[in-house]
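Novice: First, the structure itself, so that you have it in front of you.
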Amino acid sequence: MSGDEFDLIRRYFTQQAVARSDVLLGVGDDAALLRVGSLADLAVCMDTLVAGVHFPEQTPPAAIGHKALAVNLSDLAAMGAEPAWATLALTLPARDDHWLDEFARGFFALATQYNVQLVGGDTTRGPLSVTVQAHGLLPHGTALRRSGARPGDRVYVTGTLGDAGLALHLRQVAGSALRARFEFPQPRVGIGVALHGLASAAIDISDGLLADLGHLLETDALGAVIEVDALPRSPAFLEVIDAPGIGRSPLYYELPLAAGDDYELCFTVPPEHCAALEQSLGRFDCRYTAIGTIEATPGIRCVRAGGEPYQPAATGYVHFREDPDD
Ligand code: ADP
Ligand code: MG
Numbered sequence: 002m003s004g005d006e007f008d009l010i011r012r013y014f015t016q017q018a019v020a021r022s023d024v025l026l027g028v029g030d031d032a033a034l035l036r037v038g039s040l041a042d043l044a045v046c047m048d049t050l051v052a053g054v055h056f057p058e059q060t061p062p063a064a065i066g067h068k069a070l071a072v073n074l075s076d077l078a079a080m081g082a083e084p085a086w087a088t089l090a091l092t093l094p095a096r097d098d099h100w101l102d103e104f105a106r107g108f109f110a111l112a113t114q115y116n117v118q119l120v121g122g123d124t125t126r127g128p129l130s131v132t133v134q135a136h137g138l139l140p141h142g143t144a145l146r147r148s149g150a151r152p153g154d155r156v157y158v159t160g161t162l163g164d165a166g167l168a169l170h171l172r173q174v175a176g177s178a179l180r181a182r183f184e185f186p187q188p189r190v191g192i193g194v195a196l197h198g199l200a201s202a203a204i205d206i207s208d209g210l211l212a213d214l215g216h217l218l219e220t221d222a223l224g225a226v227i228e229v230d231a232l233p234r235s236p237a238f239l240e241v242i243d244a245p246g247i248g249r250s251p252l253y254y255e256l257p258l259a260a261g262d263d264y265e266l267c268f269t270v271p272p273e274h275c276a277a278l279e280q281s282l283g284r285f286d287c288r289y290t291a292i293g294t295i296e297a298t299p300g301i302r303c304v305r306a307g308g309e310p311y312q313p314a315a316t317g318y319v320h321f322r323e324d325p326d327d
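Our numbering puts the first residue of the sequence shown at 2, with every later residue one more than the last.
Here is the structure:
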């Protein structure tokens, strides 16, 4: 295996003989965009969760059902699409009716919340793995993409960062607030739709802020300055990180910057739209925070509140590496 998963995808799956005119956006963004009529575009995405890789084997099945759909709705949210349909491919080691009841309960609770109908799939026997494909709609030509940011645009994130990473780091048990962020991520569907006409680019944070913001920047060869003290941290996160007698852990910066699994949105907004954006997002029961600014020089520069540079230790999760020990 050479290079990371993005190199693999580029190398084997981006060169093909077919280039249809109704494909507005193919491989490389949070979802593909397909033109299906004169009014609407179709956004299509797919994500797989593998036991032992994306969730610990003992994860409650309701959480697996929820998360398998949630990570896809998060990709649709990053395009600004309204979710509509899903298909589900399930590979199970054996039939277990209690497991399936709970899995379906988690899946359909979220599907109902966002008016998503399951319209097909596939069921096979093998090591536990769950693949969901989600389809969403948006008015023609209005999708948010990873490309489109410009120097001077403000960088925002929804919600709080680092909670899921801290839950994993502490091996937190089910039921804690941090563990719930890892097991039941909330896709920011309404906010994604509300970004139409205001945001210049968007991505969802699945692999960590630095890694995913990096993808957004690389499409236009841009950079960003990130204010690491401004990163939004939850009360549950701060309670653990600032535990009395222990002092502030380096994880205070590292987890919000580099841990994955939060499924918040990261988006950029031209300065002239910031006031309208903040007014529009005020109606959601979800915080949003300005964390930095797009720059013309490529690369991500992290700075502390006083302006001094901060050098992050890690940059995000990579599935395939050149050297597995690195
Ligand atoms: P995300 O982090 O949003 O889940 P991925 O890292 O899975 O995205 O994929 C990056 C891009 O490559 C996406 O546009 C995805 O649709 C595309 N992609 C991933 N795997 C394949 C594949 N095997 N064939 C074609 N396209 C792929
Ligand atoms: Mg994504």
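Backbone N, C-alpha and C define an ideal beta-carbon position, used for all residues, glycine too.
For the stretch 18-31 against the stretch 129-138, do three or more pairs of beta-carbon atoms, one drawn from each stretch, fall closer than 8 Å, so that the two count as touching?
Specialist: The stretch 18-31 is not in contact with the stretch 129-138.
Novice: Report the residue from Ala277, Cys267, Ala44 and Leu50 whose alpha carbon sits nearest the alpha carbon of Trp86.
Specialist: Position 85 of the sequence shown, counted from the start, is the residue given in the question as residue 86. Nearest C-alpha to Trp86: Ala44.
Novice: Report the CB separation of Val190 from Ala78 in whole angstroms; it is logged as a contact under 8 Å.
Specialist: Walking along the sequence shown from the start, residue 190 turns up at place 189. Walking along the sequence shown from the start, residue 78 turns up at place 77. About 5 Å; that satisfies the 8 Å criterion.
Novice: For Pro188 and Asp31, I'd like the C-alpha separation in whole angstroms.
Specialist: Along the sequence shown, one-based indexing puts residue 188 at 187. Along the sequence shown, one-based indexing puts residue 31 at 30. Taking the straight line joining both Cα atoms gives about 13 Å.
Novice: What would DSSP say about Val229, mapped onto helix, strand or coil?
Specialist: Your numbering for residue 229 matches position 228 in the sequence shown. It is helical.
Novice: Using only the heavy atoms of the ligand ADP, determine whether one of them is closer than 6 Å to the beta carbon of Ile10.
Specialist: Mapped onto the sequence shown, residue 10 falls at position 9. True, at least one ligand heavy atom lies under 6 Å from that Cβ.
Novice: So which of Cys303, Arg180 and Leu35 has the shortest CA-CA distance to Ala168?
Specialist: Sequence index remark: in the sequence shown, residue 168 carries index 167 (1-based). Closest by alpha carbon: Arg180.
Novice: Write down the C-beta distance between Thr264 and Ile192 rounded to the nearest angstrom, noting that I regard them as a contact closer than 8 Å.
Specialist: For this step, residue 264 is matched to residue 263 along the sequence shown. For this step, residue 192 is matched to residue 191 along the sequence shown. A small correction: the amino acid at residue 264 is Tyr; Thr does not occupy that position in the sequence shown. Not confirmed; about 12 Å, so no contact.
Novice: Is Val229 closer than 7 Å to Tyr311 when the C-beta atoms are compared?
Specialist: As a working note, residue 311 is residue 310 in the sequence shown. As a working note, residue 229 is residue 228 in the sequence shown. Yes.
Novice: Label Met2 either buried or exposed according to how many other C-beta atoms from any shown protein chain fall within 10 Å of its C-beta, with 16 as the threshold for buried.
Specialist: In the sequence shown, counting from the first residue as 1, residue 2 sits at position 1. With a pLDDT of 38 at Met2, under the threshold of 50, the modelled position of this residue cannot be trusted, and the question is left open.
Novice: In the stretch 106-159, which residue ranges form an unbroken beta strand (DSSP E) of at least 3 residues, counting only runs that do not cross its ends?
Specialist: Inside the stretch 106-159, DSSP marks whole beta strand (DSSP E) runs of 3 or more residues at positions 118-126, 130-140 and 155-159, from first to last along the chain.
Novice: Would you tell me roughly how many angstroms separate the C-alpha atoms of Pro299 and Arg146, rounded to the nearest one?
Specialist: Locating residue 299 in the sequence shown gives position 298, counting from the first residue. Locating residue 146 in the sequence shown gives position 145, counting from the first residue. A straight-line Cα-Cα distance of about 19 Å links Pro299 and Arg146.
Novice: As a quick check of your reading: which residues have a C-beta less than 7 Å from at least one non-hydrogen atom of the ligand ADP, in chain order?
Specialist: Glu6, Phe7, Ile10, Phe14, Val28, Gly29, Asp30, Asp31, Ala33, Cys46, Met47, Asp48, Asp76, Asp205, Ser207 and Asp208
Novice: Per DSSP, what kind of secondary structure is Cys267 in: helix, strand or coil?
Specialist: As a working mapping, residue 267 is identified with position 266 in the sequence shown. Cys267 falls in the strand class under three-state DSSP.
Novice: From His55 to Leu162, what does the alpha carbon distance come to, in whole angstroms?
Specialist: On the sequence shown, position 54 is the one that residue 55 refers to. On the sequence shown, position 161 is the one that residue 162 refers to. Roughly 18 Å separates the two Cα atoms.
Novice: Name the one or two DSSP bridge partners that Ala306 has.
Specialist: Reading the sequence shown from its first residue, position 305 is the one you call residue 306. Partner(s): none; Ala306 has no beta bridge.
Novice: Starting from the C-beta of Thr92, find all residues in its chain whose C-beta is less than 6 Å away, skip the five residues before and the five after it, and write them out in chain order.
Specialist: For the purposes of this step, residue 92 is taken as the residue at position 91 of the sequence shown. Excluding residues within five positions, the ones whose Cβ falls inside 6 Å are Thr125, Gly127 and Ser130.
Novice: For Ala277, which residues from the same chain have a beta carbon less than 7 Å from its beta carbon, with the 5 sequence-adjacent residues on both sides left out?
Specialist: Position 276 of the sequence shown, counted from the start, is the residue given in the question as residue 277. Cβ neighbours of Ala277 beyond the five flanking positions: Leu199.
Novice: For Thr15, does the count of other Cβ atoms within 10 angstroms reach 16, so buried, or fall short, so exposed?
Specialist: Taking the sequence shown and counting its residues from 1, the one referred to as residue 15 is at position 14. With fewer than 16 Cβ atoms within 10 Å of its Cβ, Thr15 is classed as exposed.
Novice: Locate the alpha helix (DSSP H) running through Asp76, then write down its first and last residues.
Specialist: Translated into positions along the sequence shown, residue 76 becomes position 75. Per DSSP, Asp76 belongs to the alpha helix (DSSP H) from Pro62 to Met80.
Novice: For Asp213, count the other beta carbons within 10 Å of its own beta carbon; 16 or more makes it buried, fewer makes it exposed. Which is it?
Specialist: Here the question's residue 213 lines up with position 212 in the sequence shown. Only buried fits Asp213, as 16 or more other CB atoms lie within 10 angstroms of its CB.
Novice: Give the C-beta separation of Asp8 and Asp48 to the nearest angstrom, bearing in mind that I take them to be a contact with Cβ-Cβ under 8 Å.
Specialist: The residue labelled residue 8 in the question sits at position 7 within the sequence shown. The residue labelled residue 48 in the question sits at position 47 within the sequence shown. Contact doesn't hold; Cβ gap of about 19 Å is too wide.
Novice: When the Cα of Pro57 is compared with those of Arg36, Leu70 and Phe183, which residue comes out closest?
Specialist: Looking up residue 57 in the sequence shown gives position 56. Nearest C-alpha to Pro57: Phe183.
Novice: Strictly under 7 Å for the Cβ-Cβ distance: is Thr161 near chain D by that measure?
Specialist: This model lacks chain D altogether, as it is built from one protein chain only.
Novice: Taking the straight line between their C-alpha atoms, what separation do you get for Pro251 and Glu309?
Specialist: Residue mapping note: residue 251 aligns to position 250 of the sequence shown, counting from 1. Residue mapping note: residue 309 aligns to position 308 of the sequence shown, counting from 1. Their backbone Cα atoms lie some 16 Å apart in a straight line.
Novice: Leaving out the 5 sequence neighbours to the left and right, which residues in its chain are closer than 6 Å to Asp262 when beta-carbon positions are compared?
Specialist: For the purposes of this step, residue 262 is identified with residue 261 of the sequence shown, where counting begins at 1. Taken in chain order, the residues that qualify are Ala165 and Phe183.
Novice: Kindly indicate the opening and closing residues of the beta strand (DSSP E) around Glu255.
Specialist: Residue mapping note: residue 255 aligns to position 254 of the sequence shown, counting from 1. Taken as a continuous stretch (DSSP letters only), Glu255 belongs to no beta strand (DSSP E), being part of the alpha helix (DSSP H) at Leu252 to Ala259.
Novice: Between Ser201 and Leu70, what straight-line distance do the alpha-carbon atoms span, to the nearest angstrom?
Specialist: Position 200 of the sequence shown, counted from the first residue, corresponds to residue 201. Position 69 of the sequence shown, counted from the first residue, corresponds to residue 70. Whole-angstrom Cα-Cα distance: 26 Å.
Novice: Contact defined as beta carbons within less than 8 Å: I believe Leu35 pairs with Val28. What is the distance between those atoms, to the nearest angstrom?
Specialist: For the purposes of this step, residue 35 is taken as residue 34 along the sequence shown, with counting starting at 1. For the purposes of this step, residue 28 is taken as residue 27 along the sequence shown, with counting starting at 1. Contact doesn't hold; Cβ gap of about 13 Å is too wide.
Novice: So, with DSSP's three-state summary, where would you put Pro299?
Specialist: One-based indexing of the sequence shown puts residue 299 at position 298. It is coil, neither helix nor strand.
Novice: What would DSSP say about Asp5, mapped onto helix, strand or coil?
Specialist: The residue labelled residue 5 in the question sits at position 4 within the sequence shown. In the structure shown, Asp5 sits in coil (DSSP, three-state: anything other than H, G, I, E or B).
Novice: For Phe56, does the three-state DSSP call read helix, strand or coil?
Specialist: Within the sequence shown, residue 56 is the residue found at index 55, counting from 1. Strand, per DSSP.
Novice: Would you mind sorting Ile10 into buried or exposed? The rule is 16 or more other CB atoms within 10 Å of its CB.
Specialist: Sequence index remark: in the sequence shown, residue 10 carries index 9 (1-based). Result: exposed.
Novice: Using the C-alpha atoms, what's the distance from Ala41 back to Asp327?
Specialist: For the purposes of this step, residue 327 is taken as the residue at position 326 of the sequence shown. For the purposes of this step, residue 41 is taken as the residue at position 40 of the sequence shown. Note on Asp327: pLDDT 37, under 50, position unreliable in the model; the coordinate value appears next. Distance between the alpha carbons of Asp327 and Ala41: 45 Å.
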